[in-house]
Amino acid sequence: MSALESVPAPLIALVAGEDSGDQLGADLIVALRRRYPHAHFVGIGGARMQAQGFESWHDIRELSLFGFSEVITHLPRLLRLRRTLVARLLEAHPAVVVGIDAPDFNLGVEQRLKQAGLKTVHYVSPSVWAWREKRAQKIGRSANRVLCLFPMEPAIYARHGIDARFVGHPLADRFALVSDRVGARDALQLPQKVPVLALLPGSRPSELARMGHIFIDAATRVAAALPGLRIVIPAANPRVHALLEALLAKGPRDETAPLLLDGHAHEAMLAADVVLLASGTATLEAMLAKRPMVVGYRVAPLSYRIARALRMIKTDVYTLPNILARASGLGNELLVPELMQDDCTAEHLAAATLALFQDSARRGAIVAAFEHLHQELRAGRDDHAGDRAAAAIAELVDAE
């Protein structure tokens with residue numbers, strides 16, 4: 037028998053619920069296949085996972101729902117899907133079941149399977165560091181092991197006696213440690229020696245309706261105070277592009293007009309000196325691009341008051357760079373100005389953005405801090421998050 041033939045060929049189940057989970061799942065399959073060349077991967081996944089030989093039992097779009105009302109509308113179908121999936125996994129009896137993000141669906145699946153004796157892993161911790169830490173207990177009842185993207189998360193689970201491993205963030209692998217502003221400006225045909233502002237006012241129509249005009253007004257104010265400024269706005273999708281076009285229609289049409297892009301958020305951030313954006317995952321991307329930023333956000337006033345009244349929000353900072361910096365011991369001073377709710381006005385956003393453009397020493401200190409945090413999100417190693425996640429899963433597969 038050859039060495040390759042002696043390697044086990046486990047059945048490994050993965051359940052991904054949306055596009056980001058599909059990418060994580062694809063990276064994980066590649067890493068696991070290096071350990072188990074003959075492994076068979078089944079469950080629910082998208083096109084990227086299927087391109088790696090994954091057998092998807094259901095269309096991933098069945099789980100790609102956004103918003104409370106949409107989930108409620110489809111709840112009976114989701115419950116049927118969960119019952120069907122659990123039954124099929126119990127029959128197949130895989131060596132391990134990995135739920136990738138999508139906690140509202142996956143934790144219920146994992147809990148039923150764990151109770152039946154299957155090994156379960158939850159990949160991507162919910163934000164227990166920000167709100168509802170007690171969710172960690174439910175996650176522990178559902179998963180034998182939690183794989184965390186952020187370094188401060190395992191300690192929270194440890195307080196509840198739950199096995200959690202920090203494997204690093206996959207986005208940290210996709211950004212170079214040293215960013216290339218020159219190459220990004222060449223790619224976008226932007227001059228090398230002018231100030232550039234990347235503007236990302238949100239990736240969803242509801243965000244643009246609530247905040248788009250505020251961000252564009254803020255950028256216009258910065259341009260008025262900073263001669264030669266070029267503004268770059270990457271649109272997340274065609275619908276967002278159309279909404280941004282409408283918001284920009286009354287603005288200038290000459291060479292100072294904002295450059296509206298179809299996608300290319302990565303390049304827009306790299307090309308910029310400063311980024312002005314809505315809170316969300318984009319703040320992590322801007323941090324990994326090593327770009328100083330200003331963040332603003334507004335939610336519906338009633339939602340904000342309810343969250344505060346119920347003490348659902350644990351943290352007094354909102355953006356991932358500030359949360360990571362505080363957890364890393366970089367001090368309590370905010371690396372990223374946060375302008376939330378009533379503070380999120382065009383005047384305040386413009387003032388904070390202009391202050392960054394005018395303070396090169398401050399920008400340099402922020403870049404140095406972001407470089408440190410980037411290394412931490414790579415777990416201080418040269419391998420990738422997918423490899424570290426695969427190693428943590430393989431421990432369970434190989435255990436007696």
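Going by our numbering, the sequence shown opens with residue 37, and the numbers climb by one from there. We put the CB at the ideal spot given by N, CA and C, even for glycine.
{"Check": "Which same chain residues, not among the five before or five after residue 77, have their C-beta less than 7 Å away from its C-beta?", "Outcome": "48, 50, 65, 89, 90 and 91"}
{"Check": "How far does the beta strand (DSSP E) with residue 202 in it reach, from first residue to last?", "Outcome": "200 to 202"}
{"Check": "By DSSP, does residue 309 sit in helix, in strand, or in coil?", "Outcome": "coil"}
{"Check": "Compute the Euclidean distance between the alpha carbons of residue 283 and residue 248, then round it to the nearest angstrom.", "Outcome": "7 Å"}
{"Check": "Take residue 114 as the anchor and find which of 127, 122, 98 and 126 has the nearest alpha-carbon.", "Outcome": "98"}
{"Check": "Can you tell me whether DSSP reads residue 381 as helix, strand or coil?", "Outcome": "coil"}
{"Check": "Below 8 Å, can you find three or more Cβ-Cβ pairs linking the region 129 to 145 to the region 166 to 186?", "Outcome": "yes"}
{"Check": "Take the Cβ of residue 1 as the centre, count every other Cβ of all protein chains shown within 10 Å, and call the residue buried at 16 or more, exposed below.", "Outcome": "This structure does not reach residue 1, given that the chain is present from 37 up to 436, and the question cannot be answered."}
{"Check": "Can you tell me whether DSSP reads residue 321 as helix, strand or coil?", "Outcome": "helix"}
{"Check": "Who are the Cβ neighbours of residue 308 in its own chain at under 7 Å, not counting the five residues just before and after it?", "Outcome": "232, 233, 234, 268 and 327"}
{"Check": "By alpha-carbon positions, which one of 396, 184, 366 and 274 ends up nearest to residue 157?", "Outcome": "184"}
{"Check": "Roughly how far, in whole angstroms, is the beta-carbon of residue 332 from the beta-carbon of residue 314, given that I think they are within contact range, below 8 Å?", "Outcome": "7 Å"}
{"Check": "Among residues of its own chain, excluding the 5 on either side of residue 413, which ones have a beta-carbon nearer than 7 Å to its beta-carbon?", "Outcome": "204, 205 and 208"}
{"Check": "With DSSP as the reference, label residue 188 as helix, strand or coil.", "Outcome": "coil"}
{"Check": "In whole angstroms, what is the alpha-carbon distance linking residue 218 and residue 323?", "Outcome": "18 Å"}
{"Check": "Quick check: the Cα distance between residue 189 and residue 362, rounded to an integer number of angstroms?", "Outcome": "13 Å"}
{"Check": "What is the DSSP secondary structure of residue 92, reduced to helix, strand or coil?", "Outcome": "strand"}
{"Check": "If residue 251 sits next to residue 310, beta carbons under 8 Å apart, how far is it from one beta carbon to the other, in whole angstroms?", "Outcome": "About 13 Å; that fails the 8 Å criterion."}
{"Check": "For the region 214 to 280, which segments carrying the beta strand (DSSP E) assignment without a break, of at least 3 residues, lie completely within its bounds, in sequence order?", "Outcome": "232 to 236 and 266 to 271"}
{"Check": "Just list the residues that DSSP pairs residue 329 with in beta bridges.", "Outcome": "311"}
{"Check": "Do you know offhand how far residue 274's Cα is from residue 44's?", "Outcome": "46 Å"}
{"Check": "DSSP state of residue 374, grouped into three classes?", "Outcome": "strand"}
{"Check": "Taking the beta strand (DSSP E) that residue 50 belongs to, which residues open and close that run?", "Outcome": "47 to 52"}
{"Check": "Throw me the rounded Cβ distance for the residue 140 and residue 159 pair, which I believe falls under 8 Å.", "Outcome": "Incorrect: roughly 15 Å between the Cβ atoms, too far for contact."}
{"Check": "When DSSP builds the beta bridges, which residues end up paired with residue 77?", "Outcome": "48"}
{"Check": "From residue 396 to residue 384, what does the alpha carbon distance come to, in whole angstroms?", "Outcome": "20 Å"}
{"Check": "If you draw a straight line from the alpha carbon of residue 429 to that of residue 382, how long is it in whole angstroms?", "Outcome": "47 Å"}
{"Check": "Please classify residue 461 as buried or exposed, where buried requires at least 16 other C-beta atoms within 10 Å of its C-beta.", "Outcome": "Here the chain covers residues 37 to 436 and nothing more, so residue 461 does not appear."}
{"Check": "Once DSSP output is grouped into helix, strand and coil, what is the label at residue 181?", "Outcome": "strand"}
{"Check": "Under three-state DSSP, which class holds residue 159?", "Outcome": "strand"}
{"Check": "Leaving out five residues before and five after residue 122 in sequence, what residues of the same chain have Cβ atoms less than 7 Å from its Cβ?", "Outcome": "145, 148 and 149"}
{"Check": "For the alpha helix (DSSP H) holding residue 400, just list the boundary residues, first then last.", "Outcome": "396 to 413"}
{"Check": "Check this for me: beta carbons of residue 329 and residue 276, under 8 Å apart or not?", "Outcome": "no"}
{"Check": "Assign residue 133 to one of two classes, buried (16 or more other C-beta atoms within 10 Å of its C-beta) or exposed (fewer than that).", "Outcome": "buried"}
{"Check": "In chain order, what residues of the same chain lie with their CB nearer than 7 Å to the CB of residue 86, ignoring the 5 residues before and after it?", "Outcome": "92"}
{"Check": "Of the residues 421, 281, 111 and 312, which one's Cα is nearest the Cα of residue 374?", "Outcome": "312"}
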